[in-house]
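Visitor:
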Amino acid sequence: MAQLHILHDTLTSSPPSTCPNGTYTATHTELLQVEHGDVEVFRSTVTAPDDASFQFQAVCKMGYGPAIERVKREAGLYQQQLKALQGRYIPRVFGFFVGTTSRGPTAALVMSYEGRQLKRPMGCLPLQFRKRVFRGLRRIHQAGVQHGDIREANVVVRRRRDGSYWPTIVDFDNSHTHEHECVNNRNIKIYGSHPRPQIDLCYELTFAGGPDFTDLWRPRGCMFSTSQIPAEAATDVESVLEAAAHIITANNMSEERSRLVAEGTVKENLDWYDERIKWDRHPLSVE
Numbered sequence: 004m005a006q007l008h009i010l011h012d013t014l015t016s017s018p019p020s021t022c023p024n025g026t027y028t029a030t031h032t033e034l035l036q037v038e039h040g041d042v043e044v045f046r047s048t049v050t051a052p053d054d055a056s057f058q059f060q061a062v063c064k065m066g067y068g069p070a071i072e073r074v075k076r077e078a079g080l081y082q083q084q085l086k087a088l089q090g091r092y093i094p095r096v097f098g099f100f101v102g103t104t105s106r107g108p109t110a111a112l113v114m115s116y117e118g119r120q121l122k123r124p125m126g127c128l129p130l131q132f133r134k135r136v137f138r139g140l141r142r143i144h145q146a147g148v149q150h151g152d153i154r155e156a157n158v159v160v161r162r163r164r165d166g167s168y169w170p171t172i173v174d175f176d177n178s179h180t181h182e183h184e185c186v187n188n189r190n191i192k193i194y195g196s197h198p199r200p201q202i203d204l205c206y207e208l209t210f211a212g213g214p215d216f217t218d219l220w221r222p223r224g225c226m227f228s229t230s231q232i233p234a235e236a237a238t239d240v241e242s243v244l245e246a247a248a249h250i251i252t253a254n255n256m257s258e259e260r261s262r263l264v265a266e267g268t269v270k271e272n273l274d275w276y277d278e279r280i281k282w283d284r285h286p287l288s289v290e
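Taking our numbering, the leading residue of the sequence shown gets 4, the next gets one more, and so forth.
1) Since residue 273 and residue 261 should fall inside the 8 Å C-beta cutoff, what is the C-beta to C-beta distance between them, to a whole number of angstroms?
2) Identify every residue that forms a DSSP beta bridge with residue 33.
3) With DSSP run on the structure shown, which of helix, strand or coil describes residue 250?
4) Of the residues 101, 51, 45, 30, which one's Cα is nearest the Cα of residue 23?
5) For the candidate residues 96, 53, 71, 73, whose alpha-carbon lies nearest to that of residue 62?
6) Under a Cβ-count criterion, where at least 16 other Cβ atoms within 10 Å of its own Cβ denotes burial, should residue 195 be classed as buried or exposed?
7) Any chance you could list the alpha helix (DSSP H) runs of at least 4 consecutive residues sitting entirely within the stretch 148-212, in chain order?
8) Please work out which residues of its chain come closer than 7 Å, Cβ to Cβ, to residue 216, disregarding the five sequence neighbours upstream and downstream, and give them in chain order.
9) Given a cut-off of 9 Å, decide if residue 21 and residue 102 are closer than it, judged by their beta-carbon atoms.
10) Could you round the C-beta distance between residue 94 and residue 77 to whole angstroms and report it? I think they count as a contact, below 8 Å.
11) Quick one: give me the first and last residue of the beta strand (DSSP E) that residue 13 is part of.
12) State yes or no: is the C-beta of residue 178 within less than 9 Å of the C-beta of residue 80?
13) Grab me the residues of residue 275's own chain with a C-beta within less than 6 Å of its C-beta, minus the 5 sequence neighbours each way, in chain order.
14) If distances are taken between C-alpha atoms only, which option among 11, 18, 286, 26 comes closest to residue 5?
15) Looking only at its chain, what residues have a beta carbon closer than 7 Å to the beta carbon of residue 151, apart from the 5 residues adjacent to it on each side?
16) Please tell me whether residue 114 has its Cβ less than 9 Å away from any Cβ of chain B.
So this is what it looks like as structure tokens:
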């Protein structure tokens, strides 16, 4: 049995914990965030009083009262479906502890500290980093789990010894089982056509690779007048005019007006790509 001393209280290891027997202490505890009022996330230094060499930077996710089951469920995901991804795409789990504190019944999920939250929006980060984030989410799906809360706050970043920056995906308390095959189309390419939800990719991965997150493929469409045409048709004026023929007819647009609007559509498409390349070349920093 293992014990954890944290915030003047003592908790005891409980399944699904695999923490080695012993006594551990969480010190230098810093509150990082509060979730739903009954979950608090702390950064701590975990040590073992009987072993001076044992020390690591940890994140302690504390659940109180009704939130205990939510934190326990998250611990179970880490230790079961997601176990093989620990230390690469998700944090390493040290242990799960329960007991009674000044807040009443309490649970603590203790994990490795994997870095800081992002300083810039995901779409303003280099391509290699965004691909790593998407790859991590895909591996999570392949393990049978849907994250359920994909947003920038749930991606942290650390600098590795080789100087590269590595993302870690955190916060699985909204996740659920994901059983169907995510990728049915091997023709999905970086900056290629936008995948079709539930045909080429599942909904969550389609969102994750889209403009509201990692921005790995072209927008679904480009504006022509007040309507959209497929983005892949916006490569040149003649292609735009062909794709927008029904819009031109419905709005009784002149040839001159149609060509002018088509030029604007092509420019929108090129501007998206130029903006994307600018951020792809922008260095990433966690400072």
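Note that CB positions come from ideal geometry on N, CA and C, so glycine has one too. From a predicted model like this one, the values you see are computed outputs, not experimental measurements.
Guide: In this structure, then:
1) Beta-carbon to beta-carbon, residue 273 and residue 261 are separated by about 19 Å, too far to satisfy the 8 Å threshold.
2) Partner(s): 46.
3) If DSSP states are grouped into helix, strand and coil, residue 250 belongs with the helices.
4) For residue 23, the nearest C-alpha among the options comes from 51.
5) It is 96.
6) By the C-beta density criterion, residue 195 is exposed, having fewer than 16 other C-beta atoms within 10 angstroms.
7) For the stretch 148-212, whole alpha helix (DSSP H) runs of length 4 or above, ordered along the chain, are 206-211.
8) Only 125, 153, 210 meet the Cβ criterion.
9) No.
10) About 11 Å separates the CB atoms of residue 94 and residue 77; that is not less than 8 Å, and the two are not in contact.
11) For residue 13, the enclosing beta strand (DSSP E) stretches over residues 12-16.
12) Yes; because the gap between Cβ atoms is below 9 Å, this pair is in contact.
13) Listed in chain order, the non-local C-beta contacts of residue 275 below 6 Å within the same chain number zero, local neighbours out to five positions each way being set aside.
14) Nearest option by C-alpha distance: 26.
15) Cβ neighbours of residue 151 beyond the five flanking positions: 177, 178, 179.
16) Of the protein chains in this structure there is only one, and it is not chain B.
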